[in-house]
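First to last, the protein sequences are chains U and S.
The opening residue of the first sequence carries number 954 in the working numbering; numbering runs sequentially from there.
The opening residue of the second sequence carries number 1177 in the working numbering; numbering runs sequentially from there.
Below is one structure, written out as structure tokens, with a few remarks after it.
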Amino acid sequence: MDISDYTDRFGLLAVGLVAFLAILMALYGLAELASRRDRSRAVAFVFLAPAVLFLLVGLVYPAVRTVIMSFFSGDGSEFVGLDNYAWAVSDPDALQILVNTALWIVIVPLLSTALGLLYAVLIDGRRGERVFKALVFLPMGISFVGAAIIWKFVYQYDASGDQIGLLNQLLVWLGADPVNWLTESPWNNFLLMVVLIWIEVGFATVVLSAALKGVPNEIVEAARIDGASPAEIFWNVTVPSIRSAIVVVAVTVFIATLKLFDIVRAMTGGHYDTDVLAHNMVEQAFRLNNDGRGATMAVLLFLLVVPVVIYQVRNMRRQELEAR
Amino acid sequence: MSTDAQAPEKPARIGETRGERLRRVLSSRAASVAALIIAILWTIPTFGLFISSFRPEDDIRESGWWTFFTDPSFTLDTYNYVLYSDSQGGGLIRNLINTIVITIPGVLIPVAFAAMAAYALSWIDFKGRNLLYISIFALQVVPLQMALIPLLSFFSTGLHIGSVPITPEWNLDGVNTIVQVWIAHSIFGLPLAIFLLHNFMRELPSDVMEAARIDGASHSQIFRKVVLPLVTPALASIGIFQFLWVWNDFLVGRTFAPGEATRPLTAVLGDMAGTWGFGWTRLPAAAFIAIIVPLVVFLLLQRYFVRGLLAGSVKG
Chain U
954 MDISDYTDRF GLLAVGLVAF LAILMALYGL AELASRRDRS RAVAFVFLAP
1004 AVLFLLVGLV YPAVRTVIMS FFSGDGSEFV GLDNYAWAVS DPDALQILVN
1054 TALWIVIVPL LSTALGLLYA VLIDGRRGER VFKALVFLPM GISFVGAAII
1104 WKFVYQYDAS GDQIGLLNQL LVWLGADPVN WLTESPWNNF LLMVVLIWIE
1154 VGFATVVLSA ALKGVPNEIV EAARIDGASP AEIFWNVTVP SIRSAIVVVA
1204 VTVFIATLKL FDIVRAMTGG HYDTDVLAHN MVEQAFRLNN DGRGATMAVL
1254 LFLLVVPVVI YQVRNMRRQE LEAR
Chain S
1177 MSTDAQAPEK PARIGETRGE RLRRVLSSRA ASVAALIIAI LWTIPTFGLF
1227 ISSFRPEDDI RESGWWTFFT DPSFTLDTYN YVLYSDSQGG GLIRNLINTI
1277 VITIPGVLIP VAFAAMAAYA LSWIDFKGRN LLYISIFALQ VVPLQMALIP
1327 LLSFFSTGLH IGSVPITPEW NLDGVNTIVQ VWIAHSIFGL PLAIFLLHNF
1377 MRELPSDVME AARIDGASHS QIFRKVVLPL VTPALASIGI FQFLWVWNDF
1427 LVGRTFAPGE ATRPLTAVLG DMAGTWGFGW TRLPAAAFIA IIVPLVVFLL
1477 LQRYFVRGLL AGSVKG
């Protein structure tokens, strides 16, 4: 450790922050000038310019460029039409990736939402609800990489002797042989999903538990007086009342699952038949230097998200109309 | 968050038989037990890693963390090694500083720019406002994977149309590549931040705005003196979101500042965990250094975080 290790980095931070402040001041100055002349269009332009510029350069242009790249060869020199897409749906390795991704985006949102709802109902109005909620919510603050390390220790395998991984130790205590969990395809896929579910259940619990508090007590009481059993009340009263919250949770987890890179990378590196779209995209583009295939994987990701965007925008429009 | 906690066992209802009461109390007990089991299952993995991080490396290699309770041995050597040692697998203090240097502007820039954009989108009248807002909203779900390759080439080779250069190459190297990470994080954080802040700002009472207008305040004055103070809680929750995202990020830091000198903590950890080679016994301590900061922030400011979550998901 040299002192320059500190000065380099904190120096950069200081310069960056000063430059950023200067830009903000300049923008406010411009906005003030435009405001004085009462030109709202100009003010709007100044306020929106940085964000729109960033988004154009950093998302819109790259997205278009990525779509174009997906029709070109690995080094971008040759137009290959739909070859990359043909590879994605015919190559056995690529097909494995698509199947894994499909499993992830069905199982993770479903289980996370269901478990989150179950837990939210179990702890609703219970003594110590806050503590219960915080314990399950905690993994939300842990990085995917941190979570992967935590769970890698749970799954760890030793061919003989004392186990270090809790899961295998439980097996040994029960008299069974330890299993090398992360190399056992296809089950290793589910063990990786457990990590993401472990993180997302907390999110589902918090959102759904807030939604549960919004269900009017009178309806529940009325149903109870009419002789409905708790299960009937749950399915016929509670679930329909918080339906929109359930959908939002499932959709949010769905998108997070689709974009998942870190857990696969840190746990198996995509080996042992555990690769998924978002991870393979990075592998293709940055390790195998095949920009064409990497771009194709990214476009496939995007195509899977599009129906969700359309659904969300329509939802938003409808809510805005209702609010009017 | 409201915690209108009721006592778990309600008084016997009128007209309830003993059997009915027993069943009600039993099912309440079963629910308690189930909740407790889930809570314990969710906590054990983290707890195990936490215990491991204080065990000597030889112990970690030999036995599981639960043996700590029958055969306790405690050391801070591993923490000391991973943070400060000059040998292989040490010196993470440098990466911790990288993470800090990346995170501060990575949070401030997008939140400031998003606040300005959200104000314009909610309170300044101009043509095409709704279309612009819907477009930004839709950008939220463009996976950042779509942007990686082109954005990286934007930094390294500049923009070209044919062979005509539009923007120059940035030519950043060494520690300075962190600037690319700031910009990438700002870009990827903007759509969600604008969406959430727009939700908050739109809810502000319009008579307050009009009163300020009538008093002769300009848009930039209203933004600074009226809107920003009113949306401080929202700024806090978005700031926490972005903080957690940037601090915990692996992919963006790894892609835009790939050098040995500039890698953030998570990038080192992710690669260490991926190979699980030399020095895996030091992973618990190293991981906990990365985990503890966001966890403390998260626990202390949970209220704001939850508020942001609810605004973003339930209303949207």
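No residue lacks a Cβ here, since even glycine has one placed at the ideal position from N, Cα and C.
Just so you know, these numbers come straight off a predicted model, no measurement behind them.
Less than 9 Å separates the beta-carbon of residue 1274 of chain S from that of residue 1438 of chain S. If you ignore the 5 residues before and after residue 1173 of chain U, its C-beta comes within less than 7 Å of the C-beta of 1186, 1190, all in its own chain and listed in chain order. Around the Cβ of residue 1294 of chain S, a 10 Å sphere holds 16 or more other Cβ atoms; the residue is buried. Within 9 Å of the CB of residue 1012 of chain U, the CB atoms of chain S belong to 1315, 1318, 1320, 1322, 1323, 1327, 1363, 1364, 1366, 1367, in sequence order along the chain.
Judged by their CB atoms, residue 1027 of chain U and residue 1243 of chain U are nearer to each other than the 9 Å cut-off. At a cut-off of 9 Å, the C-beta of residue 1337 of chain S has no neighbouring C-beta in chain U. Under the three-state reduction of DSSP, residue 1020 of chain U is assigned to helix.
Against residue 1092 of chain U, the close residues of chain S are 1218, 1222, in the order they occur along the chain (beta-carbon pairs closer than 8 Å).
Along the stretch 1329–1358 of chain S, going in chain order, the ones with a CB nearer than 9 Å to a CB of chain U are 1329, 1330, 1335, 1343, 1350, 1351, 1352, 1354, 1355, 1358.
Residue contact check for residue 1024 of chain U against chain S: no CB pair falls below 9 Å.
Remark: C-beta atoms of residue 1106 of chain U and residue 1114 of chain U do not approach each other more closely than 9 Å. Contact between residue 1089 of chain U and residue 1486 of chain S is ruled out by a C-beta separation of about 17 Å, above the 8 Å threshold. Three or more beta-carbon pairs drawn from the stretch 1357–1365 of chain S and the stretch 1280–1298 of chain S are found closer than 8 Å, and the two stretches are therefore classed as touching. At least 9 Å separates the beta-carbon of residue 1091 of chain U from that of residue 1313 of chain S. Judged by DSSP in its simplified three-state form, residue 1227 of chain S adopts helix. Across the stretch 1193–1207 of chain U, CB contacts with chain S closer than 8 Å involve 1197, 1198, 1201, 1202, 1205, in sequence order along the chain. Residue burial is scored here from C-beta neighbours: residue 955 of chain U has fewer than 16 other C-beta atoms within 10 angstroms and is therefore classed as exposed. Taking C-beta atoms as the reference points, residue 1156 of chain U and residue 1058 of chain U fail to come closer than 9 Å. A residue is called buried once 16 or more other Cβ atoms fall within 10 Å of its Cβ, and residue 1336 of chain S, having fewer, is exposed.
Beta-bridge annotation (DSSP): residue 1337 of chain S is paired with S:1340. When C-beta atoms of the stretch 1368–1376 of chain S are compared with those of the stretch 1406–1415 of chain S, three or more pairs fall below 8 Å, so the two segments count as touching. For residue 1482 of chain S, the neighbours in chain U by C-beta distance under 7 Å run, in chain order, 1159.
Taken in chain order, the whole beta strand (DSSP E) runs of length 3 or more contained in the stretch 1177–1256 of chain U number zero. Residues of the stretch 1375–1389 of chain S whose Cβ lies closer than 9 Å to any Cβ of chain U: none. By the neighbour-count criterion, in which a residue is buried when 16 or more other Cβ atoms sit within 10 angstroms of its Cβ, residue 1235 of chain S is buried. Neighbours of residue 1436 of chain S in chain U, taken as residues whose beta carbon is under 8 Å from its own, are absent, since the nearest beta carbon is some 12 Å off. Nearest CB-CB separation between residue 1265 of chain U and chain S: below the 9 Å threshold. When secondary structure is reduced to three states using DSSP, residue 1025 of chain U falls in the strand class.
Between residue 1444 of chain S and residue 1268 of chain S the beta-carbon gap is near 7 Å, inside 8 Å, which marks them as a contact. Chain U has a Cβ within less than 9 Å of the Cβ of residue 1473 of chain S.
Inclusion of residue 1219 of chain U and residue 1446 of chain S in the CB contact set at 9 Å is warranted, their separation being smaller than that value.
Per DSSP, residue 1393 of chain S lies in no alpha helix (DSSP H) and is assigned neither H nor E. Excluding five sequence positions before and after residue 983 of chain U, the CB atoms of its chain that fall closer than 6 Å to its own CB belong to 999, given in chain order. Shortest Cα-Cα distance from residue 1280 of chain S to any of U:969, U:1158, U:1241, U:1226 involves U:969. Contact of residue 1187 of chain U with chain S is not assigned, every C-beta pair being separated by 9 Å or more.
Taking a Cβ-Cβ threshold of 9 Å, none of the residues of chain S is close to residue 1153 of chain U; the smallest such distance is about 12 Å.
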